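Structure first, commentary second.
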Amino acid sequence: MGNIPTTVKHCLSYEHLNQDYPWLRRWLLEEKENVPTGVKIQLIDMLSATGLRVIEATSFVSSKWVPQMADHTDVLRGIQRAPHVQYPVLTPNIQGFQDAVAAGATEVAVFGSASETFSKKNINCSIEESMLRFEEVINAAKERHISVRGYVSCALGCPHEGHIEPSKVAEVAKRLYEMGCYEISLGDTIGVGTQDSMFKMLQTVMKEVPCNSLAVHCHDTYGQALPNILTALQMGVRVVDSAVAGLGGCPYAQGSSGNVSTEDVLYMLHGMGIETGVNLAKVIEAGDFICSALGRKTNSKVARARHGTL
Amino acid sequence: MGNIPTTVKHCLSYEHLNQDYPWLRRWLLEEKTIRGDEYAEFVKIVEVGPRDGLQNEKENVPTGVKIQLIDMLSATGLRVIEATSFVSSKWVPQMADHTDVLRGIQRAPHVQYPVLTPNIQGFQDAVAAGATEVAVFGSASETFSKKNINCSIEESMLRFEEVINAAKERHISVRGYVSCALGCPHEGHIEPSKVAEVAKRLYEMGCYEISLGDTIGVGTQDSMFKMLQTVMKEVPCNSLAVHCHDTYGQALPNILTALQMGVRVVDSAVAGLGGCPYAQGSSGNVSTEDVLYMLHGMGIETGVNLAKVIEAGDFICSALGRKTNSKVARARHGTL
Numbered sequence: 001m002g003n004i005p006t007t008v009k010h011c012l013s014y015e016h017l018n019q020d021y022p023w024l025r026r027w028l029l030e031e032k033e034n035v036p037t038g039v040k041i042q043l044i045d046m047l048s049a050t051g052l053r054v055i056e057a058t059s060f061v062s063s064k065w066v067p068q069m070a071d072h073t074d075v076l077r078g079i080q081r082a083p084h085v086q087y088p089v090l091t092p093n094i095q096g097f098q099d100a101v102a103a104g105a106t107e108v109a110v111f112g113s114a115s116e117t118f119s120k121k122n123i124n125c126s127i128e129e130s131m132l133r134f135e136e137v138i139n140a141a142k143e144r145h146i147s148v149r150g151y152v153s154c155a156l157g158c159p160h161e162g163h164i165e166p167s168k169v170a171e172v173a174k175r176l177y178e179m180g181c182y183e184i185s186l187g188d189t190i191g192v193g194t195q196d197s198m199f200k201m202l203q204t205v206m207k208e209v210p211c212n213s214l215a216v217h218c219h220d221t222y223g224q225a226l227p228n229i230l231t232a233l234q235m236g237v238r239v240v241d242s243a244v245a246g247l248g249g250c251p252y253a254q255g256s257s258g259n260v261s262t263e264d265v266l267y268m269l270h271g272m273g274i275e276t277g278v279n280l281a282k283v284i285e286a287g288d289f290i291c292s293a294l295g296r297k298t299n300s301k302v303a304r305a306r307h308g309t310l
Numbered sequence: 001m002g003n004i005p006t007t008v009k010h011c012l013s014y015e016h017l018n019q020d021y022p023w024l025r026r027w028l029l030e031e032k033t034i035r036g037d038e039y040a041e042f043v044k045i046v047e048v049g050p051r052d053g054l055q056n057e058k059e060n061v062p063t064g065v066k067i068q069l070i071d072m073l074s075a076t077g078l079r080v081i082e083a084t085s086f087v088s089s090k091w092v093p094q095m096a097d098h099t100d101v102l103r104g105i106q107r108a109p110h111v112q113y114p115v116l117t118p119n120i121q122g123f124q125d126a127v128a129a130g131a132t133e134v135a136v137f138g139s140a141s142e143t144f145s146k147k148n149i150n151c152s153i154e155e156s157m158l159r160f161e162e163v164i165n166a167a168k169e170r171h172i173s174v175r176g177y178v179s180c181a182l183g184c185p186h187e188g189h190i191e192p193s194k195v196a197e198v199a200k201r202l203y204e205m206g207c208y209e210i211s212l213g214d215t216i217g218v219g220t221q222d223s224m225f226k227m228l229q230t231v232m233k234e235v236p237c238n239s240l241a242v243h244c245h246d247t248y249g250q251a252l253p254n255i256l257t258a259l260q261m262g263v264r265v266v267d268s269a270v271a272g273l274g275g276c277p278y279a280q281g282s283s284g285n286v287s288t289e290d291v292l293y294m295l296h297g298m299g300i301e302t303g304v305n306l307a308k309v310i311e312a313g314d315f316i317c318s319a320l321g322r323k324t325n326s327k328v329a330r331a332r333h334g335t336l
C-alpha cells in the first residue's frame, strides 16, 4: 500500500484501527493453570478501561473439550461491560450460541479452517460440516440482530498439511462472509507465514472479501508476526488481532510463543502514526496483572523494556 | 504528500525522481503493495554475535568457546562474522582476548572477519593479530559519543580518519557504524539529518559500508523510513546496512522496511545474543535465525544455512547457560 502514515492520513475511509482482542480464550487453552473466574473477570475489566473496542471474552464450547472455559457464563455475566466495547464469544454450534445468548452475549464468533485435516482434528468435522453448523448459528444470530465474526485458521500453513493454497483460504473466507459474518479474521495458526505468503494469501482473499472486512491474526511462533502485520497493513487491512502480554503458547511447538503481544503491536502502530484509541501503558498494566496471577513472565518485548528501562 | 501518482505523473522531473530514489516507486499508491518479486534477490547478513553479542552478555566467555562459536558460524555460509574488538581491556574486559581469538579461529575462505578498532592503537594491534578488515563505531548523538567512547563526534571522526588512512595503506577494508540512528538513550529523538551527516562523513573518509544502528531498538517503520530516506541522499543505498535492535520487538518490521527501501545488508546476532544495556532484562540484537527465516520466506537468498546457525546458537547458549532469544530456534526445538 505504500507509505502508510501518509496514505492513511489522506484516506477518507480510514478512522481508527480497530483492534480485536481474542487473547483470553486462546491462551487459556494453552495455559496449564486453570485461571480462577474472578481473575478472568478482573482482567477483562482492566482491558475494558484501556480503550480497546473489542475484547473476546470467553468460549461457549462444551467443558468436556475445553475445561478452562467451563465458567463461560459466569465470566460473561460477571464482567462490567464498558460502553462502546464489544465482548464477542466463541460459539461453535447452535447449542453454544443459545447458551451464549442466555448468558447475555451480544456478539459471537465462529471458527472455520482452511485445512481439512486441521478442521477434523480440531473441531471433529470436515470444513463442509463446520460451515453447515456455522450457518445455523449465523441464521439464529441474524434473527436476534447479533453480529458474527468469522475466523479462518491455518491461513498461512497447517501443522498437519503444511502449505495451504491461498485459494482455499479465500474459498472459506468467502463462504463465511456470504453467510453473514461481518468480519473475517485470517489466522496464521502456527506462525509460519512471512511477507511473501501473507501477501499472496491476502491478494487472493481480497478478490472475494472486501478488504475492510478482513482482519489478520498472526502468531509469533517464529517471530514473524509484526512484519506480517506490517505487510497486511500495507495491503489495506485495518483490523489486527493480538493478545495482552503475548500470552498463549503454541500447542504445536512446545515452549514456543503463540499470540503476538498487543503491547508490541501497539508500539509499532503508534510509532507509525496510526491511531488505535488504545492506551499502551494501561495494556501493560493489565499484562502485568495477569502474568503475576499466572506466575509467569510477559512475552511482550515492549513490556519488558518498559519494566527494565534505567 | 497527497496522491503521489497524480502529482508525480504530472511532474516533469518524475524520471529524475525515480532515478534518484529507486525505492520511491514502491511507495506510490498505484503500487498496490510491496510485491515479493520486487525485493532483492540476495541480502548479505553481517553476523555480529561473537562481538556485539558476547560483549553485552553478563558472563565472561572463555576464549576457546568464542573460537568454537566463530568456527561453527564460519561453516554456515555467513560471509561476514565480526570476530572481536581491539578496545582497551580496561573498558571492555570481555574482549581482552581479542588477539587470541583472531589468531585462534579457522578462517573459512570467502568469509571476512572484521574487528572493531576504535583508534590507531587498536588498529595496529589488530593488524599485528592478522586482521584483514576493521570497523569504526561513530554516533549520531553527541551525548552518546561522549558517554560511550569518551569524546565528541568530531573528535571520534578524527580518530577514525587516522584508522581509515592507515587501513587504506594496507588495503584493509573499513566498515563504519553509526549508532543511535533512530534514537538515543540520553538525547531521545535524533534528527535524520544528523545520521546522514555522520554516515556521509564516514563514507567519504573511505568506509566501504555504513551500518545504521537502532541502538536502543526504539525505531518503527516510520522513523526507519524517514531516516533512510535522508541518509540515502548522501550515501548510496548499496553501501548501507541496518543494525536493528529488538528491544521493543520492532527489529523485523524495521528490517522489512529497510529492504523495501533497497537496503541489502542486515546485521544480526546468532541466538539474539547481547542484551540491551539501557533496559535491563531486555533483548538487544535481533537474532540471525529469525532474520533468516523472514528473508528465506520472502524468497531472498542469503547463502546461509539456517539449521547450522541454530546449531551454533544452541552451542553458545549452552555454554552461557541461557536460553536462546531466537523464536525460530525455540520453535524448531519444540516442534512436535
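Line order of the protein sequences matches chains U and X.
1 is the number of the first residue of the first sequence in the UniProt record's numbering; add one for each residue after it.
1 is the number of the first residue of the second sequence in the UniProt record's numbering; add one for each residue after it.
Glycine included, every Cβ here is placed at the ideal spot set by N, Cα and C.
Bear in mind the structure is a predicted one, so any value in this text is a computation, not a measurement.
CB contact check: A305/U to chain X, cutoff 8 Å: yes
7 Å Cβ shell around K301/U - same chain, five flanking residues per side excluded: D264
Stretch-stretch touch, CB-based, cutoff 8 Å, three pairs: the stretch 179 to 196 of chain X with the stretch 215 to 224 of chain X: yes
Under 8 Å between C-beta atoms of Y278/X and I216/X: yes
Residues that DSSP places opposite H245/X in a beta bridge: N285/X.
Nearest neighbour of L230/U, chosen from S213/U, T91/U, R81/U and L202/U [CA to CA]: L202/U
Closer than 8 Å to chain X by CB, D220/U: D220/U counts as touching chain X.
For R175/X, the residue or residues it bridges with in DSSP: A135/X and E209/X
Exposure label - Y203/X; buried when at least 16 CB within 10 Å: buried
Within 8 Å, strictly: CB atoms of I184/U and S213/U: yes
Contacts around N60/X, its chain only, beta-carbon distance under 8 Å, and the 5 residues preceding and following it disregarded: Cβ neighbours of N60/X beyond the five flanking positions: P93 and Q94.
Own chain partners of A329/X with C-beta closer than 6 Å, once the 5 adjacent residues on each side are dropped: Close CB contacts of A329/X within its chain, under the 6 Å cut and outside five residues either way in sequence, are with E289, I310 and G313 (chain order).
H307/U: first and last residue of the uninterrupted alpha helix (DSSP H) it sits in: K301 to G308
Length at least 3, wholly inside the stretch 131 to 166 of chain U: the beta strand (DSSP E) runs in chain order: 147 to 153
Contact check, G193/U vs C218/U, beta carbons under 8 Å: yes
Given N34/U as reference, the closest of A303/U, A305/U, G308/U and I290/U once Cα atoms are compared: I290/U
Secondary structure of C250/U, DSSP reduced to three states: In the structure shown, C250/U sits in coil (DSSP, three-state: anything other than H, G, I, E or B).
Residues within the stretch 214 to 247 of chain U neighbouring chain X, beta-carbon criterion of under 7 Å: D220, T221, Y222, G223, Q224, L226, P227, L230, Q234 and M235
Min CB distance S292/U to chain X below 8 Å: no
Inter-residue Cα distance where the pair is G188/X and F60/U: 48 Å
is_contact[V328/X, chain U] using C-beta, thresh 8 Å: Taking 8 Å as the threshold, the shortest C-beta distance from V328/X to chain U falls below it.
Interface residues of chain X facing S115/U [CB-CB closer than 8 Å]: The premise fails here: S115/U is roughly 16 Å from chain X at the closest Cβ pair, so nothing lies under 8 Å.
Min CB distance M272/U to chain X below 8 Å: yes
Contact under 8 Å by Cβ, L292/X with L306/X: A Cβ-Cβ contact shorter than 8 Å links L292/X with L306/X.
Whole-number beta carbon distance between E116/U and I127/U, since they are thought to touch under 8 Å: 6 Å
Beta-carbon gap between V265/X and K44/X smaller than 8 Å: With contacts defined by Cβ atoms closer than 8 Å, V265/X and K44/X form a contacting pair.
Proximity test, Cβ basis, 8 Å: G308/U and chain X: yes
Paired residues, beta bridge with V80/X - DSSP: Beta-bridge pairing by DSSP links V80/X to V46/X and Q112/X.
G112/U - DSSP class collapsed to helix/strand/coil: strand
Nonlocal neighbours in the same chain, by C-beta distance under 6 Å from R133/U, ignoring five residues either side: N93
Neighbourhood of G303/X by C-beta, 6 Å cutoff - its chain only, sequence neighbours within 5 removed: G77
Nearest to D100/X (by Cα), restricted to the options T84/X, R79/X and V111/X: T84/X
Host alpha helix (DSSP H) of A142/X (start-end): Per the sequence shown, the amino acid found at residue 142/X is Glu instead of Ala. Segment E142 to I149, the alpha helix (DSSP H) holding E142/X.
Per DSSP, the bridge partner or partners of S268/X: In DSSP, S268/X forms a bridge with E47/X.
Unbroken alpha helix (DSSP H) run spanning G180/U, endpoints: First-last for G180/U: undefined, no H or E at that position.
Any chain U beta carbon closer than 8 Å to G297/X: yes
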